[in-house]
Every structure is written in structure tokens, then in C-alpha cells.
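Structure record follows, encoded as C-alpha cells.
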Amino acid sequence: VFVHISALQKSGLETLEENDNVEFSVEEYNGRMGVGEIKLI
130 VFVHISALQK
140 SGLETLEEND
150 NVEFSVEEYN
160 GRMGVGEIKL
170 I
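Heads up: the sequence shown begins at 130 in our numbering, then just goes up one per residue.
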């Protein structure tokens, strides 16, 4: 799943590393689906 930097910033995260476990919501942006909020688990 592609995660835009703005989704990370919105969730208070700076980066993700390969194999990080996350939970995320899916939201619509300008007619396209993308990651909304994301958190490490």
C-alpha cells in the first residue's frame, strides 16, 4: 500500500520502516482512495 507523507504527518509519524505493522483507514481524496489515519501496532 502506498502511503503519502501527508498521511504520516497527519497521524504524528515521521517515517515507516519496511515490515512495520500498522493499522490504517482508507479515505477518498479527489476521487481516489488513499490511506487516511495510520498508526503503528
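The beta-carbon is built from N, C-alpha and C at its ideal position, and this holds for glycine as well.
Please read all numbers here as calculations on a predicted model, not as lab measurements.
| Item | Value |
| --- | --- |
| Residues bridged to I167 by DSSP? | F153 |
| Pick from V155, M162 and I134: whose alpha carbon is nearest that of E143? | I134 |
| With burial defined as no fewer than 16 other Cβ atoms inside 10 Å of the residue's Cβ, what is the status of V164: buried or exposed? | buried |
| Within 10 Å of its beta-carbon, does I170 have 16 or more other beta-carbons around it, so buried, or fewer, so exposed? | exposed |
| Would you mind stating whether K168 and E152 have Cβ atoms separated by less than 8 Å? | yes |
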